Every structure is written in structure tokens, then in C-alpha cells.
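In order, the protein sequence lines correspond to chains A and B.
All residue numbers for the first sequence refer to my numbering, where the first residue is 540 and numbers rise by one.
All residue numbers for the second sequence refer to my numbering, where the first residue is 156 and numbers rise by one.
Glycine included, C-beta positions come from ideal geometry on N, C-alpha and C.
As the structure is a computational prediction, the values presented were derived from the model and not from experiment.
Shown next, in C-alpha cells, is the structure this report addresses.
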Amino acid sequence: MSKVDLSVKIGTLKLKNPVLLASGTVGYGNEISEFIDLNKLGGIVTKSISLNPRKGNPPQRILETSGGMLNAIGLANVGLEEFIKSKIPFLKGYKVPIICNIAAGSIDEYVECARTLDSEEAISAFEINVSCPNVKEGGLQFGNDVNAVGTITGKVKAVTSKPVIVKLSPNGSNIIDFAKVVKQEGGDAVSAINTLVGTSFDIFTRRPKLKNITGGLSGPAIKPVALAKILEISRNVDIPIIGIGGIMSWKDVIEFMIAGSSAIQIGTLNFIDPTASIKIISELKDYCIKYGIDKLSSLTASYLL
Amino acid sequence: MFIIDAPIEEIIELENQIMLCKLFAPEIAKSVKPGQFVNIKVSETIAPLLRRPFSVCDVEGSFIYIMFNVLGEGTKLLAHKFKGETINVLGPLGRGFNFDGNFETAVIAAGGLGAAPFAFLVKQLSKDKKILCFVGGRTSRDVIDYGMKDVIPSTDDGSLGFKGNVVELMNDNLDLLENKRLKIFACGPTPMLRALKEFSLKNNFECEVSTECAMACGFGICQGCPIPSSEDADKNYLVCKDGPVFNVKDIIL
């Protein structure tokens with residue numbers, strides 16, 4: 540049996556396999572560590588951290604829809620200080636690359652978080668969340684503004700030597716412009732896509748089912764959208780892409796890589812089967828052996844159009 | 156916490172679309188406490204996509220029981236499963252009832268399908284506590300008292316027992332409760348729990364309630380099921396992990 544190489548590179552960031560767990564679907568790693576060995580993963584993207592703690596939105600925050608789910612969590616998180624004090628020490632116990640997702644209400648807040656966390660050895664890279672659809676200030680407000688995304692990328696890059704990944708919104712008009720500006724300002728990679736804005740009504744009360752009125756749609760329902768956005772970026776901008784959006788199986792991972800992803804993130808699936816990521820890694824290996832693929836990374840952007 | 160494919164042993168209709176499902180789940184049966192729940196994937200496809208949370212209703216050897224009302228897509232699928240089919244069960248999850256305390260009488264207050272967690276609790280409590288159960292429903296067909304004993308019923312329409320809701324029923328029977336070392340264990344619709352909070356605070360009764368909220372994962376990673384803390388305005392508990400059972404004083408209902 541030939542030895543297969545599952546490792547991938549995202550700029551300077553080396554991962555032993557392309558499977559990352561998406562921000563907001565693994566907390567800070569501790570709950571899911573009861574089910575899986577985190578060290579087997581390509582990496583973990585931690586729940587968005589903001590400078591100060593955020594309580595998040597009132598319930599109902601979660602709603603299942605056809606082939607997907609809407610969430611309106613509202614970036615509930617423990618805040619930067621508590622993250623450093625109580626979450627990083629747990630993550631230090633693992634060898635798995637930790638990508639720290641930062642969300643903020645102002646450009647300065649992004650910079651402040653990255654500057655403070657730059658000295659934390661446990662963090663391998665930053666993922667900048669400019670595309671959360673569920674908070675009033677920050678989030679999507681930046682995600683729809685090319686200049687703001689450029690400024691945030693440049694200013695965060697200036698205060699850290701760690702790789703900076705910018706998580707892009709599918710809700711704006713042209714994702715290519717955003718990927719280009721990230722590249723121009725020195726960003727190392729983009730992750731695509733964040734959730735799509737959606738809503739749902741109770742037909743008897745005529746009220747929205749989510750307290751926040753709208754939420755972010757995730758799950759297999761958004762997979763074709765994610766693949767199209769990834770392909771668009773891949774064909775137009777020379778920047779590594781981390782693909783996200785409704786991955787449910789190893790076959791989906793292969794499809795995301797073919798469409799242009801260097802690595803992928805598993806999100807909603809973690810809620811359904813917290814062990815799925817590990818199974819997928821093992822199935823990717825089986826696939827490579829069966830089809831004689833020496834390096835999994837050779838699949839990235841291997842589409843024939 | 157375990158993730159297991161549990162074979163269905165039996166599904167019976169208790170009454171009026173209220174089903175009881177018996178599952179072979181030895182790991183969970185061995186470790187589950189009354190008031191804890193399991194999160195079940197009722198189909199292998201993406202319809203429905205997410206798991207569905209169910210209270211563990213009772214435990215018998217290596218079997219667990221769950222009780223459910225046939226309401227949505229998920230429960231309809233579950234109701235039509237056959238003996239021997241397996242469903243994927245994640246559990247036991249959450250924090251259950253604390254019944255070690257210094258009390259003599261356990262007072263159960265259940266509204267509608269809120270009866271679900273009490274067969275197991277009553278079984279455990281029967282060893283050394285007196286038990287009194289107040290059980291309410293909309294009509295006589297909605298009064299579910301499975302596994303309970305010394306039941307005093309109420310119905311909204313008066314078709315069985317006291318006419319009114321469970322909390323009004325308890326107020327009407329205050330003489331049975333006063334001057335006793337008791338603890339109330341409750342589960343039911345949120346308006347009922349809200350009224351019960353007022354009732355128990357007014358009468359200075361210890362009270363634990365089992366809450367519910369739409370959730371995705373069931374073990375704390377999705378952050379989908381907050382319930383506000385009554386102590387700290389900046390804090391939410393999670394129903395799945397910090398609950399579903401809370402001391403009624405600790406939460407805002």
C-alpha cells in the first residue's frame with residue numbers, strides 16, 4: 540500500500556490534512572475533545588473572539604430549514620481576556636494548529652485583538668470574521684465594504700507575524716473584489732463562505748421564528764453556493780482558499796478541493812456528528828489510496844472547465 | 156457521553172399521539188440520571204438534518220425509554236419505525252434533577268408532555284421519599300401520568316379533576332403542601348414554569364424546573380439555547396449543558 544500525503548499548505552501555514560473545524564461549531568475545543576482526538580485534525584478555528592465578552596442574541600437562536608439551519612447566535616463569546624486566561628491553556632495541551640477567529644465592532648478592535656494575541660504561541664493563525672450576519676455593528680457591515688475589508692486586512696497584518704485569513708461573506712455582490720483586496724493588503728488566505736442571510740416566519744402568528752428576525756443559513760443547502768463562490772475566487776485571484784459550506788462527507792471535501800480549496804472547514808456537521816471530521820480524514824486517505832493520488836493537495840483547483 | 160446506534164425494542168402509543176419508545180442503549184442506561192436527555196438522529200438522510208432532543212423518560216436494565224408527541228417531521232418518522240431498526244443516540248446530556256437534598260416529600264408538577272422525565276425520577280425517589288404528583292393537561296386526553304403515583308389531575312376544560320392549570324391546582328391544594336419539608340420538580344410549557352416560579356418563591360418552596368429550547372448540538376458547541384441568568388444580567392446559561400434542569404431561582408423564564 541502506497542503512502543499518501545494528506546498535508547496541505549495555506550501560505551506559510553502547514554496542516555497535516557485539509558480538515559479544519561469551523562469557527563462557531565467547536566467552541567474552544569473542550570466539548571468536542573470528549574468525542575475525538577483533536578490532534579488528528581488539520582486544525583481548529585475557535586469561536587469568534589471579541590475584545591469584550593458578548594452575551595449574544597436572545598432565543599430562539601436556532602431553526603432547522605430544508606437541508607440546513609439558520610442560526611442567530613450573535614457572536615456570544617467570553618471576550619479576549621477570559622479567552623487568554625481560561626481557553627488558551629486548554630488548547631496548549633494539543634499539538635493541533637489553532638486558528639483564532641476574531642470578530643469586532645470597529646477596525647481598531649480587530650487590530651487590538653490581533654496585537655494582544657500575537658504573542659500567544661498556541662495560536663497558529665488568525666481568521667478575521669468580517670462577515671457575521673447576526674450582529675448590528677461590525678460583522679456584515681464590514682463584509683459588504685471592500686475598502687473596510689482592505690483596511691482591516693492591512694492593519695491586522697501590520698501587528699502580527701502570524702498568517703491572516705479573511706472569512707468572506709457570500710451576501711455581497713462580488714466576492715472577487717473582496718478576495719483581491721485581501722491579497723493586495725497582504726492577507727495570506729481567504730475562507731469562503733460564511734453563512735447566507737435567511738429568515739423564516741410562523742404562518743399562524745406571522746412573526747419571524749428567530750428572535751433576531753434573520754439568521755445565517757448553513758448546512759448542505761448552501762453547498763452549491765459555496766462551490767460557485769470558491770470557483771469564482773479561484774479563477775480570478777491568486778490566493779489560497781479555505782472552503783466552507785455544508786460539507787457532509789469526504790466526497791464533499793474532494794469536490795471543494797477540486798473547485799479551488801486548499802483546505803476545508805466542517806461546520807454544521809459537527810452538531811450532528813461530532814466524530815464526523817475524524818471519519819472523513821480516514822476516508823480521504825482511503826480515497827487517495829484507491830485512486831492512486833499521492834498528494835491530496837494536487838486536487839486543489841484541478842477543475843476542468 | 157456516548158454516540159450509539161440503538162436498536163428500537165418497541166414503540167407504543169400511550170394515548171392521543173403520545174408515544175413511548177424503548178431503546179436498547181446499555182451505555183446510556185447505565186450512566187443516565189433523571190432529568191438528563193438524549194439527542195437523536197431520527198433519519199440517516201439530511202431530512203431532518205439535526206438531531207432531536209428527548210428527555211430520558213425511564214430506564215429498565217439496558218433499555219431507555221423516551222416519550223414524544225407526534226408533531227413534526229422528525230417525530231412522525233420516529234413514530235413509524237419498526238422493532239429492530241436502529242437510531243443514532245447521543246447522550247446522556249445535560250444536568251438532571253438534584254434529589255439528594257434534605258426533603259421528605261417530592262412534589263412533581265407536570266404539564267402535558269412535561270410528564271416525560273418523571274417516571275425515572277419517581278422510581279429513584281420512591282426509595283426514600285414521599286411523592287405527590289400534580290399533573291395537568293388541556294383535556295382529560297392530555298393528562299399524561301405515565302410512571303407517576305398519587306396523582307392529582309387538572310384539565311383546562313374541566314374534563315378531568317380540577318378545572319384550571321397545574322399551578323392553580325397546587326394553589327388549590329396548598330394545605331397538602333404547607334408545613335412540609337418538600338421540594339418541587341417541574342416540567343411543562345414555559346408559561347406554566349413561569350407561574351410556578353412565582354408560586355414557589357411566594358411560598359418559599361425549593362423548586363427545580365426542566366426547561367426546553369430549540370438547540371442544534373445538545374452539548375454546548377453551537378451556543379444555540381441560551382436562558383438568561385437571574386443573578387447576572389450579562390450572563391446566559393445554556394439549556395443543553397448548564398440545564399435542562401435549573402433551580403427556578405437561577406433563571407429568568
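Notebook entry, point to check: When you compare only the Cα positions, how much space is there between B/L233 and A/I571?
Noted result: In this structure, the straight-line span from the alpha carbon of B/L233 to that of A/I571 is close to 27 Å.
Check: Under 9 Å, do A/A653 and A/V698 count as touching if we go by C-beta distance?
Finding: yes
Next item on the list: Could you spell out the range, first to last residue, of the beta strand (DSSP E) harbouring A/A802?
Entry: 802-805
Item checked: Proximal chain A residues relative to B/N391, where beta-carbon distance stays under 8 Å -> Within 8 Å of the CB of B/N391, the CB atoms of chain A belong to K594, G595, A615, in sequence order along the chain.
Notebook entry, point to check: Can A/I780 and A/G806 be called in contact, C-beta distance under 9 Å?
Noted result: Contact: no.
Check: Given that B/R349 touches chain A, what residues does it touch there, using C-beta distances under 7 Å?
Finding: Within 7 Å Cβ-Cβ: nothing; B/R349 doesn't reach chain A, min ~15 Å.
Item checked: Euclidean distance between Cα positions of B/E367 and B/S186 -> Roughly 22 Å separates the two Cα atoms.
Margin query: Excluding the 5 residues flanking B/Q172 on each side, which residues of the same chain have their C-beta closer than 7 Å to its C-beta?
Written below: So the qualifying residues of the chain are N224, V225.
Next item on the list: Please name the residues in the stretch 799-811 of chain A whose beta-carbon is closer than 7 Å to at least one beta-carbon of chain B, in chain order.
Entry: The residues in question are N809, F810, I811.
Item checked: Cβ of A/F629 within 9 Å of any chain B Cβ -> no
Margin query: Out of B/N194, B/L348, B/I163, which one is the CA nearest neighbour of A/I811?
Written below: B/N194
Next item on the list: Could you tell me if A/L609 is buried or exposed, where buried requires 16 or more neighbouring beta carbons within 10 angstroms of its beta carbon?
Entry: Buried.
Margin query: At the 9 Å Cβ level, is A/F574 part of the contact set with chain B, yes or no?
Written below: Closer than 9 Å to some Cβ of chain B, the Cβ of A/F574 qualifies, so yes.
Notebook entry, point to check: Checking contacts by CB at 9 Å: is B/R206 closer than that to chain A?
Noted result: It does: the Cβ of B/R206 has a partner Cβ on chain A nearer than 9 Å.
Checklist line | is_contact[B/L233, chain A] using C-beta, thresh 9 Å | finding: Judged by the 9 Å Cβ criterion, B/L233 is not in contact with chain A.
Notebook entry, point to check: Can you find a CB in chain B that lies within less than 9 Å of the CB of A/K706?
Noted result: no
Checklist line | Candidates A/Y567, A/V558, A/S587, of which the one nearest A/I793 by Cα | finding: Taking only the C-alpha atoms, the option nearest A/I793 is A/V558.
Next item on the list: Taking only beta carbons into account, state which residues of the stretch 171-188 of chain B come closer than 8 Å to chain A, listed in chain order.
Entry: none
Item checked: Within the stretch 281-319 of chain B, ranges of the beta strand (DSSP E) (whole runs, at least 3 residues) -> 285-292, 306-310
Next item on the list: Consider the Cβ of B/F374: report whether some Cβ of chain A lies at a distance smaller than 9 Å.
Entry: yes
Next item on the list: Would you list, in chain order, the members of the stretch 758-772 of chain A that have their beta-carbon closer than 7 Å to a beta-carbon of chain B?
Entry: G758, P759
Check: So with Cβ pairs under 9 Å, would you call B/G379 a contact of chain A?
Finding: yes
Item checked: Own chain residues within Cβ distance below 8 Å of A/N809, not counting five before or after -> L560, A561, T564, V565, I571, A815, S816
Next item on the list: Return the first residue and the last residue of the beta strand (DSSP E) that B/I201 is part of.
Entry: Careful: B/I201 lies outside any beta strand (DSSP E) and carries neither H nor E.
Next item on the list: Return yes when the Cβ of A/N733 is within less than 9 Å of the Cβ of A/G682, no when it is not.
Entry: It is a contact, given that the beta carbons lie within the stated cut-off.
Margin query: Given this structure, state the Cα-to-Cα distance separating A/A642 from A/I662, to the nearest angstrom.
Written below: 16 Å
Next item on the list: Return no unless some Cβ of chain B is closer than 9 Å to the Cβ of A/S605.
Entry: At least one chain B Cβ lies under 9 Å of A/S605.
Notebook entry, point to check: Cα-Cα, which of B/A371, B/S295, B/L332, B/G267 is closest to B/P346?
Noted result: B/G267
Notebook entry, point to check: Is any beta-carbon of chain B found at less than 9 Å from that of A/L602?
Noted result: The beta carbon of A/L602 falls within 9 Å of a beta carbon belonging to chain B, placing the residue at that interface.
Margin query: Can you list, in chain order, the residues of its chain with a C-beta nearer than 6 Å to that of B/R336? Leave out the 5 residues immediately preceding and following it.
Written below: F258, E259
Checklist line | Residue closest to B/P272, alpha-carbon to alpha-carbon, out of B/F317, B/G319, B/M222, B/I307 | finding: B/M222
Next item on the list: For A/G726, collect the residues of the same chain with a Cβ closer than 6 Å to its Cβ; drop the 5 residues on either side in sequence, then sort them by chain order.
Entry: Same-chain partners within the cutoff: T692, V703, V705.
Margin query: So, under 8 Å CB-CB, A/A623 and A/T585 are touching, yes? Tell me the CB distance rounded to an integer number of Å.
Written below: Position check: residue 623 of chain A holds Ile in this sequence, whereas Ala was assumed. Contact doesn't hold; Cβ gap of about 12 Å is too wide.
Note to self: Does the CB of A/G737 have a neighbour CB from chain B at under 9 Å?
What the structure shows: no
Margin query: For a test of the three-state rule: what should DSSP assign to B/A265, helix, strand or coil?
Written below: strand
Notebook entry, point to check: Mapping DSSP to helix, strand and coil, what is B/P135?
Noted result: Any answer about residue 135 of chain B is impossible in this case: the structure gives chain B only from 156 up to 408.
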